[in-house]
Each structure stands twice: as structure tokens, then as C-alpha cells.
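These notes are about the structure you will find just below.
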Amino acid sequence: MYSQERERLVLELLKYSYIRSERVQQAVLTVPRELFVPSFQRSRAYDDTPLEIGHGQTISAPHMVAIMCEELSLREGQKVLEIGAGSGYHAAIVSYLVGKKGHVYSIERIASLAKKAKENLSQVNIKNVTVEVGDGSLGLPNYQPYDRIYVTCAAPSVPQALLDQLSDTGKLLIPVGDMYCDLLLVEKKGSEITTHNRGGCVFVPLLGKYGHQKR
Numbered sequence: 073m074y075s076q077e078r079e080r081l082v083l084e085l086l087k088y089s090y091i092r093s094e095r096v097q098q099a100v101l102t103v104p105r106e107l108f109v110p111s112f113q114r115s116r117a118y119d120d121t122p123l124e125i126g127h128g129q130t131i132s133a134p135h136m137v138a139i140m141c142e143e144l145s146l147r148e149g150q151k152v153l154e155i156g157a158g159s160g161y162h163a164a165i166v167s168y169l170v171g172k173k174g175h176v177y178s179i180e181r182i183a184s185l186a187k188k189a190k191e192n193l194s195q196v197n198i199k200n201v202t203v204e205v206g207d208g209s210l211g212l213p214n215y216q217p218y219d220r221i222y223v224t225c226a227a228p229s230v231p232q233a234l235l236d237q238l239s240d241t242g243k244l245l246i247p248v249g250d251m252y253c254d255l256l257l258v259e260k261k262g263s264e265i266t267t268h269n270r271g272g273c274v275f276v277p278l279l280g281k282y283g284h285q286k287r
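Position one of the sequence shown corresponds to residue 73 (our numbering), numbered consecutively onward.
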């Protein structure tokens, strides 16, 4: 049942060009989204919509996960930082794209969500993702620099801490705004920083020192 639903979803994402590459297509076909949503949401696992996962947080809509992965041009062997682990689904997709020689480091401020994300990733035998608990607006300096950084919640601005942790040829993808925000792709080439607006989006707010005020 779920494999057919997954194939249907991928065809939909291809139709609207959210998926543009064979690698992202295979990642979405491979990772079982139904195992990353609460049991009461499993019948909706392949609806192209965000789903509640508790604590006021959501698992992103599949089309947004696909868009972000395509924008980052993820390659095998890269070291990636994710801000906001949620249920672990987005990290699972990225882990597929960076391969066994790559690694995803994810930081989640809600300890119970981080614990659940670890359980979900372990359940599907993903071993190249490390989930830690902390303030995502500060990044995760212990493992820097990162080839790619992406943020799964809306920031008031681009945190300098994240730029500092990006490699000299790295890319950062971050929603900036309140809830309705712009998805910004920030590219770093040495000391040169360029920013591209990839369009409007909706995310829960980034909380923390360089995030929005706690709500």
C-alpha cells in the first residue's frame, strides 16, 4: 500500500517540477515517510502537505523537502547541517543523497522530538545522521565547516553563526520571515556572499538566541 502511495506522490512531484533530478526522485521513492509521522497520521503520510508531529511542530510537505534538496545540489560525500530535526524525515532524504561517505548533523531544540527522530532513523537503518539537542540558531560548531546547511524553520534573518560554519564553497538554504517567508539560498565563495530568493514559503518559527522570541 505505502509503496504505491509513494510512487503516486513522486509522479505528482515530478509533474509540477518539484523533483528535477533522478537522485532526488530515488531518495523520495526509497525513504518510507509513513515511518516518520505519528501513527494516527499514517493514512495521510503521502499527502503533499505538512503534518503535525507534536509540540507545535510539523513534518514538512514532501514538495518542500524536494525543493530544498534540489536547491542545495547535494552530492555524495558532503557534510551537511540541518537546523530542526523534527521527525527525522528530511534528514533521511538528505542522508540518501550524501551517501555512506557523507554525513548529516541535525540539531533539534525539543529533546523528545530529537529522541523520536533518532528512533525513526534507526528504524530504517540510517547510520549517517547524528541528532543533537540544542539551539539551532547557533548552529552546531563542533563539526564545522559544513558543505551545506539548511534550516527547516523560519528565521527573522540569516544568523551569522550559520554563515561562519559554512565552508568557503558552501551553500545555506533558509526561510527568512515570520511564518510567511522567503526561501533564501545563500552561496559562499571565500569572502564573497551572494543571496538568491527562491520564492515564498510557510514554516514554523525558528526559536533561540538568533531566532524569533519564544511563543
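Each residue gets a CB set at the ideal place from its N, CA and C atoms; glycine is no exception.
Span separating the alpha-carbon of residue i from that of residue j
i    : j    : result
M251 : H284 : 10 Å
Y88  : M136 : 12 Å
N269 : E143 : 11 Å
I198 : A164 : 7 Å
V201 : L212 : 14 Å
G280 : L107 : 28 Å
L257 : Y161 : 21 Å
R105 : Y118 : 7 Å
Q232 : M73  : 45 Å
S209 : Y177 : 14 Å
Y90  : P122 : 15 Å
Q97  : K173 : 20 Å
E124 : S145 : 28 Å
Buried/exposed call for residue i, threshold 16 Cβ in 10 Å
i    : result
Q76  : exposed
D236 : exposed
A183 : exposed
G126 : exposed
R181 : buried
F312 : With the chain covering 73 to 287 only, the question about residue 312 has no answer from this structure.
D219 : buried
L299 : Residue 299 lies beyond the range of the chain shown here (73 to 287); nothing can be said about it.
K190 : buried
E154 : buried
Three-state class that DSSP yields for residue i in the structure shown
i    : result
V201 : strand
Q129 : strand
G272 : strand
For residue i: DSSP bridge partner residues
i    : result
P277 : A226
Interface flag, residue i vs chain C, CB-CB below 7 Å
i    : result
P110 : Absent from the structure: chain C. Only one protein chain is present.
Alpha helix (DSSP H) runs contained entirely in the stretch 213 to 268, provided each spans 4 or more residues: 232 to 236
Every unbroken beta strand (DSSP E) inside the stretch 134 to 201 [3 residues or more]: 151 to 155 and 175 to 180
Length-filtered (4 minimum) alpha helix (DSSP H) runs lying within the stretch 88 to 130: 94 to 102
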